[in-house]
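Okay, structure first, notes after.
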Amino acid sequence: MARSSFNIVETSGLAFKIDAYGKSNSSIDSNIWEDSISGAQTTFSFSTFDSSNGWDDNSLTLSGENNYAIINYCPISSSV
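FYI, the numbering used here numbers position 79 of the sequence shown as 767, with every residue one higher than the one before it.
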């Protein structure tokens, strides 16, 4: 893979920020993934974090149709 000159920077004024950096299957909090701005939490459909479902190289890996994650954040209120 060739090195890219594309530069990604975080914008200011975020309403939601969720980050997988440093997450690990062996961490005591592997099942907690929380938005650092609003505190919105993620619900996982599985309870065992392993090589098929869990954290891998700073990203979330999901395998199989019954394994999913729900990020409990609604950017548009129901009152709109």
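A virtual CB, placed ideally from N, CA and C, is assigned to each residue, including glycine.
Using a 10 Å radius around the Cβ and a threshold of 16 neighbouring Cβ atoms, would you call Phe737 buried or exposed?
buried
Let me check understanding here. Comparing Cα to Cα, which of Phe704, Thr699, Tyr756 lies closest to Thr731?
Tyr756
Given this structure, state the Cα-to-Cα distance separating Ser739 from Ile764, to the nearest angstrom.
34 angstroms
What residues are listed by DSSP as bridge partners for Glu698?
DSSP lists no partner for Glu698.
What's the gap between the Cα of Ser693 and the Cα of Ser747?
22 angstroms
Note down the Cα distance separating Trp743 from Ala728, rounded to an integer number of angstroms.
19 angstroms
Below 6 angstroms CB to CB, which residues in the same chain sit around Ile706 once its five sequence neighbours on both sides are set aside?
Asp723
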